[in-house]
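Protein chains: 2
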Amino acid sequence: MLTEYGGPDVLRVTDTPSPTPGPDEILVDVAHSAVNRADVLQRKGLYPDPRGWAVEIPGLEYAGTVAACGDRVSEWRVGDAVMGIESGGCYSEQLVTHARQAMPVPHGVDQRDASAIPEVFVTAWDALVVQGGLTSGRWALVHAGASGVGTAAIQIAKAIGASIAVTCSSGKAATCVELGADLVLERSPADWRAQLGAELEARGVEGVDVVLDVIGGEEVERNLVAVRERGRIVQVGLLGGGTATVNVGRLLSKRITWCGTVLRARPLEEKLAISRRFVAEVLPLFADGTLRPVIDRRFALDDVAAAHRVMEADGNVGKLLLDVHP
Amino acid sequence: MLTEYGGPDVLRVTDTPSPTPGPDEILVDVAHSAVNRADVLQRKGLYPDPRGWAVEIPGLEYAGTVAACGDRVSEWRVGDAVMGIESGGCYSEQLVTHARQAMPVPHGVDQRDASAIPEVFVTAWDALVVQGGLTSGRWALVHAGASGVGTAAIQIAKAIGASIAVTCSSGKAATCVELGADLVLERSPADWRAQLGAELEARGVEGVDVVLDVIGGEEVERNLVAVRERGRIVQVGLLGGGTATVNVGRLLSKRITWCGTVLRARPLEEKLAISRRFVAEVLPLFADGTLRPVIDRRFALDDVAAAHRVMEADGNVGKLLLDVHP
């Protein structure tokens, strides 16, 4: 939990009362959680839990088992393996969530690994497919291809018959290639635009159809260049800076759509809807191995500060998991 | 026509060969056209006809009568009253267009006034309703409320049960109020945001749902402030400048969609589709007087340079029409 904001060591494991499920909720015994960039921001006081909890417990995703069901819950039974996204509170032994927000751990995935799925696969799928309209035959461009969201995005794009270009830090290209990326553009030192432009031109492709951008800043203008006419840019983060200079004429003449999106602040009805649709459209792809969680390494809950240090140093390829009750 | 780019006097009326309709096209005897801001840009060489004509004839809209039909045309007969949007070529006595791109002059509108309809009503309706998703109960914000597009936007918003705030130059507020605008914000000297915020707050409204912006520049950041969570900003022009500084964090946290749009550069299939939908959804509202063209003044074709001067001086409220064969 956080009783103050600051560096990784402000994270402390302490005892708090068990939560009680409401009539439409379930109580979950959390086995695993995971670290996300939003947790680092939250720890620094830059991205507090939108629910306004007096004592914040970070953690946006979990996997575990159902420990109790509210009176009106028909979807689950005690002992079912579940996973899901929350607005916070997942660095914890127990949590309560709405019965329709929880998702089953998919067939084919070890429960140990399931907490590597919700946040990054929902984010990547929602941005590329639901909001970006990516389909077979089209091209996506995803920044930070070796990140959790990036590794999910590569797999999702290939699974639906799309092509995908990713940017990544030097040294992380191999993972992106192995996961199926069609083009890997190392972000430093060269400007990736020239390489992307040449590669697409060689394939007779005018530009990418969808950009998933977690960076913002200087990438914004490059994204506007990279997309084709009527392309869509889905802004999921702003690691590269909160302000951007935009060529409005390009937005206009190419009829580009640029939209911002976050999962955490969505109202309940949207969270339930995206969970149900993800269960129907994406979870089946884990059963046959088309999609798989990409895990960098695991930490005990007591070592959560170390996991935060790795994420802040951009030292991971894929997910950093927390073992709560392994 | 234009044989060179420059000031209003480069516009010259000359004789050119009559066009010949293809099998799916009609030949139109143009009775009236109208001046649009894009024509001014075209005249200056900043917005050439996308069809790459050797000698450009400006003019984006017309009203007239069908003079001949191509072999495969079943929609029209010679003598029918038609109007429509073109990529250029409407400052002219005759033009050819695809039979499914032309629209009937609506019941209830004098053919003299019909060329005041296509460009601004299609632009405003497409931006607010089709792309912006404006519906009953919601709020629109439209810049340049006394312009052709602005006067159309006010009427369309009120016709579908929405509320609308407009910004306008000093002295043009009365027209906006008369057309039904719920809030009129004079743009100078005060920043309109404070007034808009206070007025919406007094009505318990969080922010506007849709912005139709023809200005860009400094308005871009103000638009991001004015829209509510999940609001949409539809960029239709950039009179205020082609570059904008954007707070990406606001786009992200409010989950805003900002899209650019133009009619002129759309491919044929999109032009036909928007024409047919406009005929079905909007033209009936002219028959009972719910919508009406707003005309500032009329010019003979020989006086087109004078009409351009009025538009460049921002001297019009509503449309500037050209009488070709009145």
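Quick mapping for you: the protein sequence lines, in order, are chains G and A. Counting in my numbering, the first sequence runs from 814 upward without gaps. Counting in my numbering, the second sequence runs from 814 upward without gaps. Even glycine gets a Cβ: it sits at the ideal position worked out from N, Cα and C. None of the values given here were measured: they were computed from a predicted structure.
query: Tell me the rounded alpha-carbon separation between Gly945/G and Arg1068/G.; result: 14 angstroms
query: For a quick check, are the C-beta atoms of Val841/A and Leu908/A less than 9 angstroms apart?; result: yes
query: Within its chain, find whatever has a CB closer than 6 angstroms to the CB of Lys1084/A; leave out the 5 residues flanking it on each side and keep chain order.; result: Gln914
query: Find the residues of chain G that neighbour Gln1048/A, judging by a C-beta separation of less than 7 angstroms, and give them in chain order.; result: Val1061, Leu1064 and Leu1065
query: By the criterion of Cβ-Cβ separation under 8 angstroms, what are the contact partners of Trp1071/G in chain A?; result: Leu1064, Thr1070, Trp1071 and Cys1072
query: In the DSSP assignment, what are the bridge partners of Ser846/A?; result: Tyr875/A and Leu1135/A
query: Are the Cβ atoms of Glu899/A and Leu941/A separated by less than 9 angstroms?; result: no
query: Considering only their Cβ atoms, is the gap separating Ala1118/A from Asp822/A smaller than 9 angstroms?; result: yes
query: Within its chain, find whatever has a CB closer than 8 angstroms to the CB of Glu1012/G; leave out the 5 residues flanking it on each side and keep chain order.; result: Ala978 and Leu996
query: Would you kindly check if the distance between the Cβ of Pro871/A and the Cβ of Met814/A is under 9 angstroms?; result: yes
query: Which parts of the segment 848-932 of chain A are runs of the beta strand (DSSP E), unbroken and 3 residues or longer, counting only runs that do not cross its ends?; result: 874-882, 894-898 and 907-911
query: Taking only beta-carbon atoms, is Ala940/A less than 9 angstroms away from chain G?; result: no
query: Strictly under 9 angstroms for the Cβ-Cβ distance: is Val1107/G near chain A by that measure?; result: no
query: Applying the criterion that 16 or more other CB atoms from any shown protein chain within 10 Å of the CB defines a buried residue, is Glu838/G buried or exposed?; result: buried
query: When the Cα of Val1061/A is compared with those of Val1033/A, Leu1076/A, Ala986/A and Gly1054/A, which residue comes out closest?; result: Val1033/A
query: Return no unless some Cβ of chain G is closer than 9 angstroms to the Cβ of Val1033/A.; result: yes
query: If the cut is a Cβ gap below 7 angstroms, which residues of chain G does Gly1029/A touch?; result: Val1061
query: According to the neighbour-count rule (16 or more other Cβ atoms, all chains shown, within 10 Å of its Cβ), is Ser887/A buried or exposed?; result: exposed
query: Compare the C-beta of Ala1057/A with all C-beta atoms of chain G and state if any pair is closer than 9 angstroms.; result: yes
query: Which same chain residues, not among the five before or five after Pro1097/A, have their C-beta less than 8 angstroms away from its C-beta?; result: Pro919
query: Assuming Ile1108/G contacts Ala959/G (C-beta within less than 8 angstroms), just tell me the rounded distance between them.; result: With a Cβ gap of about 13 angstroms, Ile1108/G and Ala959/G do not count as contacting.
query: Less than 9 angstroms separating the beta-carbons of Gly877/A and Val1137/A?; result: yes
query: Can you say whether Ala851/G is buried or exposed, counting buried as having 16 or more other CB atoms within 10 angstroms of its CB?; result: buried
query: Tell me, please, which residues DSSP counts as bridged to Thr980/A.; result: Leu998/A
query: To the nearest angstrom, how far is it from the Cα of Glu1082/G to the Cα of Ala966/G?; result: 25 angstroms
query: Where does Leu954/A fall in DSSP's three states?; result: strand
query: Determine the chain G residues that contact Leu1051/A at a beta-carbon separation under 7 angstroms, and present them in chain order.; result: Val1061, Gly1062 and Leu1065
query: By how many angstroms is the C-alpha of Gly897/G removed from the C-alpha of Gly950/A?; result: 35 angstroms
query: By the 8 angstroms beta-carbon criterion, what residues does the segment 918-951 of chain G contribute toward chain A?; result: none
query: Give the C-beta separation of Gly1053/G and Glu1031/G to the nearest angstrom, bearing in mind that I take them to be a contact with Cβ-Cβ under 8 angstroms.; result: 6 angstroms
query: Could you tell me which chain G residues have their CB closer than 8 angstroms to the CB of Val1075/A, listed as they occur along the chain?; result: Leu1065, Ser1066 and Arg1068
query: Enumerate in chain order the residues of its own chain whose CB-to-CB distance from Leu1135/G is below 8 angstroms, with the five nearest sequence positions on each side excluded.; result: His845, Ser846, Ala847, Val848, Gly872, Tyr904, Ser928, Arg1111, Phe1112, Ala1113, Leu1114, Val1117 and Ala1120
query: Determine whether the Cβ of Gly1102/G lies closer than 9 angstroms to any Cβ atom of chain A.; result: no
query: Could you tell me the alpha carbon to alpha carbon distance between Val1049/G and Gly1073/G, rounded to whole angstroms?; result: 6 angstroms
query: Grouping DSSP H, G and I as helix and E and B as strand, with all else coil, what is Gly945/G?; result: coil
query: Suppose contacts are defined by Cβ-Cβ distances below 9 angstroms. Is Val955/G in contact with Leu1025/G by that definition?; result: yes
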